[in-house]
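Chemist:
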Amino acid sequence: MGTLQWSVLQWGAVAVVLAAAAMALVVWRLLRARNMEIWIGSYLRRSIPRVTGQPVHVMFCFVDHFEPMWHGADLDTQRARVDRWCRDYRKLASAHRDADGRPPQHSFFYPEEEYAEEHLDKIAALCADGYGELEIHLHHDNDTEANFRESIRRFCNVLHERHGALSRDPATGELSFGFIHGNWCLDNSRGDGRWCGLNNELILLRELGCYADFTLPSAPSDTQTRTINSIYYATDDPQHPKSHDDGVAVHGGGSATGDLMIVQGPLGLNWRERKAGVIPRIENADVRRGCPPTPQRVDDWVRTGVHVEGKPEWVFVKVHTHGTQEYDMDTLLGPPTDAMHAHLERAYNDGERYVLHYVSAREVYNIVKAAEAGKQGNPNEYRDFILPPPKSSWAGSAQASVRSAA
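Going by our numbering, the first residue of the sequence shown is number 330, and it counts up by one from there.
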């Protein structure tokens with residue numbers, strides 16, 4: 330081989346290496362632009378177990394950062410938002426049933442700082458009619474431990490005593506609640522420290538009666554954890570933020586550990602809907618006008634297979650929204666969501682390959698704990714496994730009617 334030919338080969342190799350390095354740099358910048366470097370490794374390494382010889386039970390849970398005062402709305406706008414939900418959701422949900430005869434269950438995570446008795450009276454009545462349950466949402470910034478404790482305790486008592494929400498833990502007698510953190514910033518997890526302020530928030534939530542957190546996924550926010558598509562226990566390090574970045578998976582035959590259960594929704598890449606036809610979109614289980622709940626997305630959510638370790642035949646699909654934003658209401662209360670439920674009932678409720686269960690956040694927790702305890706069979710039997718239904722709920726309202734009749 331001549332010197333010139335060898336030189337050409339060397340420069341060709343250099344060009345290939347430089348091109349590969351340039352491409353790697355472009356990919357890295359794309360990842361960093363959406364904070365994907367936090368979780369993409371977990372996504373690529375994850376394997377989904379297969380289930381054979383038995384039906385897969387699909388627990389479908391819709392959680393809502395329900396904010397009537399969004400964008401500083403005046404009282405008339407707030408009322409219009411709440412009234413539309415109470416009117417249109419009844420109509421939408423009444424047309425659908427799961428394998429247990431239950432309509433879709435909407436978990437309203439209502440912001441403590443937006444409390445208005447008249448709004449919650451209406452939502453509580455919707456829940457008591459069998460369409461969902463109330464839980465706690467909170468936006469705060471630069472908070473103190475004392476203020477956080479007082480705010481959560483006060484709101485728990487108000488929700489329970491005035492609106493029939495939340496149930497008491499039979500073991501402790503204390504009110505229990507599910508939690509979603511405003512601005513995604515659970516345990517002070519945002520990089521700049523805004524919209525929380527408490528590095529010991531997981532400990533505080535446990536001590537105040539929180540049974541599980543339902544904030545995640547939060548991608549593309551930098552508050553997203555590297556742990557994805559999981560149900561796990563996180564242990565707080567009060568000296569550092571974002572202690573729930575990882576934890577111990579809930580598993581059959583195990584027991585509670587650490588400070589707080591984290592229940593995540595599906596997170597991954599949507600290869601069907603690519604930007605510029607090339608770059609996959611982030612699938613973060615958010616439902617709104619710009620990302621409607623298409624059958625393809627529903628299929629991806631189910632295939633993600635979020636489950637308790639050792640119990641892959643019980644799949645948990647938790648999706649989320651911000652339900653009071655007018656731009657999205659026609660999607661959430663109209664044909665796209667109606668079609669989503671129709672697809673769930675058609676594709677995932679044949680009784681042989683799949684069985685569908687519409688569940689609230691509290692029922693997710695109870696069924697997770699039943700799986701952890703090694704329970705078998707139909708998860709419908711474990712909707713109230715540990716935490717009983719609150720008065721303003723499908724089962725709680727029915728129990729109250731029986732007691733009243735007696």
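In this text, a Cβ means the ideal position worked out from N, Cα and C, and glycines have one as well.
Using a threshold of 7 Å, state whether the C-beta atoms of V385 and E642 are closer than that.
Modeler: Taking the first residue of the sequence shown as 1, we reach residue 385 at position 56. Taking the first residue of the sequence shown as 1, we reach residue 642 at position 313. Yes; because the gap between Cβ atoms is below 7 Å, this pair is in contact.
Chemist: Kindly confirm or deny that the stretch 649-659 and the stretch 613-623 touch, where touching means at least three C-beta pairs closer than 8 Å.
Modeler: yes
Chemist: When the Cα atoms are used, what is the spatial distance from G382 to V644?
Modeler: Mapped onto the sequence shown, residue 382 falls at position 53. Mapped onto the sequence shown, residue 644 falls at position 315. Approximately 16 Å, taken between the alpha carbons.
Chemist: Using only the alpha-carbon positions, how far apart do H466 and F543 sit?
Modeler: In the sequence shown, the residue the question calls residue 466 occupies position 137. In the sequence shown, the residue the question calls residue 543 occupies position 214. Between H466 and F543, the C-alpha separation is close to 10 Å.
Chemist: Quick check on the burial criterion: 16 or more other C-beta atoms within 10 angstroms. Buried or exposed for L421?
Modeler: Locating residue 421 in the sequence shown gives position 92, counting from the first residue. Buried, since its Cβ has 16 or more Cβ neighbours within 10 Å.
Chemist: I465 bridges to which residues according to DSSP?
Modeler: One-based indexing of the sequence shown puts residue 465 at position 136. Beta-bridge pairing links I465 to Y439 and F508.
Chemist: Quick check on C282: does DSSP put it in helix, strand or coil?
Modeler: The question about residue 282 has no answer here: the residues shown for the chain are numbered 330 through 735.
Chemist: Since H672 contacts P621 with CB under 8 Å, what's their CB separation in whole angstroms?
Modeler: As a working note, residue 672 is residue 343 in the sequence shown. As a working note, residue 621 is residue 292 in the sequence shown. At roughly 12 Å, the Cβ-Cβ gap does not stay under 8 Å, so H672 and P621 are not in contact.
Chemist: Secondary structure at P609, three-state DSSP: helix, strand or coil?
Modeler: For the purposes of this step, residue 609 is taken as the residue at position 280 of the sequence shown. Strand at P609.
Chemist: For M759, list the residues DSSP reports as bridge partners.
Modeler: There is simply no residue 759 to check, as the chain begins at 330 and stops at 735 in what is shown.
Chemist: Taking its Cβ as the centre, do 16 or more other Cβ atoms sit within 10 Å of G507, making it buried, or is it exposed?
Modeler: Taking the sequence shown and counting its residues from 1, the one referred to as residue 507 is at position 178. When all chains shown are included, G507 counts as buried.
Chemist: Pick helix, strand or coil for N599, following the three-state DSSP scheme.
Modeler: Residue mapping note: residue 599 aligns to position 270 of the sequence shown, counting from 1. Three-state result, N599: strand.
Chemist: I'd like to confirm the pairing. Which residues does DSSP put opposite A541 in its beta bridges?
Modeler: Position 212 of the sequence shown, counting from 1, holds the residue named residue 541. Paired residues: G507.
Chemist: To the nearest angstrom, how far is it from the Cα of H686 to the Cα of L534?
Modeler: Numbered from 1 along the sequence shown, position 357 holds the residue referred to as residue 686. Numbered from 1 along the sequence shown, position 205 holds the residue referred to as residue 534. Rounded to whole angstroms, H686 to L534 spans 28 Å at the Cα level.
Chemist: Quick one: Cα of P664 to Cα of Y418, how far?
Modeler: Translated into positions along the sequence shown, residue 664 becomes position 335. Translated into positions along the sequence shown, residue 418 becomes position 89. Distance between the alpha carbons of P664 and Y418: 12 Å.
Chemist: Here's the rule: buried if 16 or more other CB atoms are within 10 angstroms of the residue's CB, otherwise exposed. What is D403?
Modeler: The count along the sequence shown starts at 1 and reaches residue 403 at position 74. So D403 ends up on the exposed side.
Chemist: Does the distance from the CB of T633 to the CB of P595 come in under 7 Å?
Modeler: Counting from one through the sequence shown, the residue named residue 633 turns up at place 304. Counting from one through the sequence shown, the residue named residue 595 turns up at place 266. A contact, by the Cβ cut-off of 7 Å.
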